[in-house]
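Note that UniProt numbering has the first sequence beginning at 1, numbered continuously upward. Notes to accompany the following structure.
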Amino acid sequence: MLSAVSRNPTNFPVTSHLRFAASRLNWRLLYSAAPPIDTLATTLRPFPEYSPKRPTIQDAELVQNLTTTLKQRRSDPLRRVLSPFLPRLRPQHLIWAFSHLRSHPALALSLLHCYRRRARHVPLEAQAIAAHLALASGRVGAARQFLRQGLTSHRDFVEQVIYTFRHWSSDPFVFDLLFRIAVELGRLDDARSLFDRLTFFGVIISVDSCNAFLSHLAIDAVLKTFVELPLRGVRWNAASYNIVIRALCRAGKLGEAREFLLKMESEGGILPDVISYSTIIDGYCQAGDLPTAYELFDEMRTRGLKPNEFTFNSIISLLCHSDMAAKAEMVLLEMLNQGVAPDSAVYTTLISGFCKNGNISAVYRFVDDMKSRGLAPDAATYTALICGFCRCGMIVEAERLFDEMLRKGLNPDEFTYTAMVDGYCKNGRMHDAFRLHDEMLKNGLSPNVVTYTALTDGLCKHGDVEAANELLHEICGKGLELNVCTFNSLINGLCKSGNLEQALKTMSDMEAAGLSPDAFTYTTLMDAYCKSGDITRAHCLLSEMLDRKINPTIVTFNVLMNGFCIAGMLEDGKRLLEWMLEKKIMPNAATYNSLLKHYGMEKNMKVVTEIYRGMCARRVMPDESTYNILILGHCKARNMKEACYFHSELTARGFSLRADTYNALIEGLCRKKRFVEARRLFEEMQDAGFLADKKIYDLFIDLSYNEGNFELTLEFCDEAIEKHLIGTKADES
DNA sequence: TTAGGGTTAG
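Below, the structure written as structure tokens:
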């Protein structure tokens, strides 16, 4: 052994079985070649000598008896065989015993196991030796465990592994494992120190482990390390380049990522692969840049690389997030045409996209489709479905899916629970939301900032801003960091409860905490000013956000539009709409609804019709509010023909009437003596759980009385009394 | 150790 060490430039005890193991397992541990830098080569030093203490005659006898007993053991239980020795064993006996058991590593580890059970503690040196022995007997899992325990239990463990290496080890792979475990534990500085320390002994960590290290670093450290490690002998591979590309994309440095893709080939001599292109395509998709994503898609094909399900999914995801779910489905067909089979991730993206769209029938179609391809919905698919159903108010269906998941043995994770918690919050079921929060804790899951934001928002919308504030203080005390969404929820709650001053203070707190307000923050505050009639301050906030380079969204403009309308500045509202169209800012139904509503309230149906036609001409789809506004306006202007036309349109599109629209429509029909239709709508309104106005009851009471139907008259009277309406009438008379 | 899907705010 020693002669082998002296012949080896790095002083490793190289044995033939080690070389065999390294090649068999494809461990690219570069230990025999000198590092590329001369200066480094001159500083190479041997591993430290290991000199175990010499045992006394009694100790030697004890160890001899112990190890002989172990070797001769056949079927007797180990604990019984060892029981006479264990009470007398000290840590040093363990290490002497290891010396006797070098060719029986399994027995050495069993001895260690029994010792640990009794002493509940293993000395650091024995722990390091155990890792070497475990690796020698091919037990990589056990070696990992020893190294992990050692690393987490003592700062000097690395030194022990180095110190014991020369005498006990036959395998430098132990350092690769140690390095990897340090990375897994997030101890990146320790990992780097280990790397540097090992280079002095001529050990170079494998490129695979260096990649693991690289993938955990922040962008600046990635770039620095990518330059430094080759100077220490690491030769990067395609995965390394892909990790750098991913890091650049995540840092938003897409141009640099693209340059790096070129460098990969020109300077690294490594051809970009499907992963390189998929990574960079996803980067552009995340940034919403579809044209460049498609350009790279074509480029990869030109280079003979076939886009796979990952590549397609990034494109599908961007389309879904840009409200182009139908186009996303066309991409699915395209991938099928090209012989690329979609996997459950692709289906989950589509399901999530169509859920956001409210297209539940398409969602069911995708679920059937994926099942027919033998793809079982996984936790992410279920979460997308649960979230989608919750958004559509289908909480019972969401609960059914949550139970189904459990029955199928799929464990709901933080994402699933949070989707369900949010669903309950949005449906005002705060008690159920907190019940699930407690259930998460009971199941060992940690509610995260998203979970708490959902709860905060629920409490605020439930009118309990105080409780929301307390909850946030509590979670901050537990070390959870709030994000912009959390603050925005609270700011919104404060605004809606009329505490604008506190809302502004919360914005300052948020900045003090290092979080910049975004378009949501400004839009929320602008809305509060608009609703309080202070359009000037709303305008000031708009200027402030533009100065801070925060882009307004369509909601920002809608808030402003609504502000103009509330303030009776309808002409300014119309001018804002024209300005938006000029600037190619596409209005949506909500933009038009504000104008339609307020012109309708003024019974100016000529302008309402003009605006509505403009909306249709620009292919902006009217929503439920649009139809309700149009019906209400036409009823008030006594245009029952138009009102009934829009009512039939609303029904055909599956929308519902609101209470005020029902009242206006029923009143209008009665005025036109269309009592049968009025009566039918009145019943429909009650079935929908709405309370009719006192005026409507008066109309039906008078109507039935004049018809001589006293029974019905009394029925209406009873109902009106029950709804506490008669008292108001008496007060009036 | 390298690529894609599911949770929060106006």
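C-beta atoms are modelled at their ideal positions from N, C-alpha and C, and glycine is treated no differently. Here the structure is a predicted model, which means the values were calculated and not measured.
Within the same chain, and ignoring the five residues on either side of M526 in sequence, the residues whose Cβ sits closer than 8 Å to its Cβ are A538, L541, L542, T556, V559, L560, G563.
One thing to note: L401 has its Cβ within 8 Å of the Cβ of F389. DSSP, read as helix, strand or coil, puts I270 in coil. Excluding residues up to 5 positions away in sequence, L401, M405, L410, T416 lie with their Cβ nearer than 7 Å to the Cβ of Y382 in the same chain.
In the structure shown, the three-state DSSP call for I631 is helix. By the beta-carbon neighbour count (other beta carbons within 10 angstroms, threshold 16), E329 is buried. Leaving aside the five residues that flank C476 on each side, the residues in its chain whose CB is nearer than 8 Å to its CB run, in chain order, L482. For the pair L471 and L494, the CB atoms are not nearer than the 8 Å cut-off.
Per DSSP, V559 is one residue of the alpha helix (DSSP H) stretching across 554 to 566.
Secondary structure note for P230: its alpha helix (DSSP H) is the uninterrupted segment 219 to 231.
Approximately 11 Å separates the beta-carbon atoms of Q127 and F98; this is outside 8 Å, ruling out the contact.
Taking the Cα of P291 as reference, the smallest distance to any Cα among R90, L318, R303 is reached at L318.
Around the CB of S75, fewer than 16 other CB atoms lie within 10 Å, so the residue is classed as exposed. Considering only K327, I280, E299, I204, the residue with the shortest C-alpha distance to R246 is I280. By the Cβ criterion, the region 266 to 276 is in contact with the region 232 to 251, since at least three pairs of Cβ atoms, one from each stretch, lie closer than 8 Å. Within 10 angstroms of the beta-carbon of V140 lie fewer than 16 other beta-carbons, which makes it exposed. Counting along the chain, the unbroken alpha helix (DSSP H) around E719 starts and ends at 710 to 722. Around the beta carbon of T536, fewer than 16 other beta carbons sit within 10 angstroms, so the residue counts as exposed. In this structure, A191 lies away from I219, with their beta-carbon atoms at least 8 Å apart. Between the alpha carbons of A362 and A398 lies a distance of about 17 Å. Within the region 234 to 287, the runs of alpha helix (DSSP H) at least 4 residues long that lie entirely inside it are, in chain order, 238 to 250, 254 to 266, 274 to 286.
Going by beta carbons, A567 and K603 fall outside the 8 Å limit.
Secondary structure at I204: strand, using DSSP grouped into helix, strand and coil. Just measuring C-alpha positions, the residue of C530, S322, R301, F195 sitting nearest C285 is S322. Counting every other CB atom within 10 Å of its CB across the protein chains shown gives S193 a total below 16, marking it as exposed. Here N308 carries a coil assignment [DSSP, helix/strand/coil]. Residue environment for L262: exposed (fewer than 16 other C-beta atoms within 10 angstroms of its C-beta). The region 80 to 97 makes contact with the region 58 to 65, as at least three CB pairs between them are under 8 Å.
Membership of R407 in the alpha helix (DSSP H) is indicated by the continuous run 395 to 407.
Judged by their CB atoms, M615 and G633 are not nearer to each other than the 8 Å cut-off. Of the candidates I666, D413, K673, D413 places its Cα closest to the Cα of L445. With respect to the C-alpha of H121, the residue from R102, L480, Q149, A643 having the closest C-alpha is Q149.
Only residues of its own chain outside the window of five on either side were considered, and among them A238, Y241, N242, I245, L261, M264 have a CB closer than 8 Å to the CB of S276, listed in chain order.
Within the UniProt repeat "PPR" (308 to 342), the complete alpha helix (DSSP H) segments at least 4 residues long are 309 to 321, 325 to 337, listed from N- to C-terminus. Exclusion of the five residues before and after F226 leaves L214, W236, S240, V244 as the residues of its chain whose Cβ lies within less than 8 Å of its Cβ.
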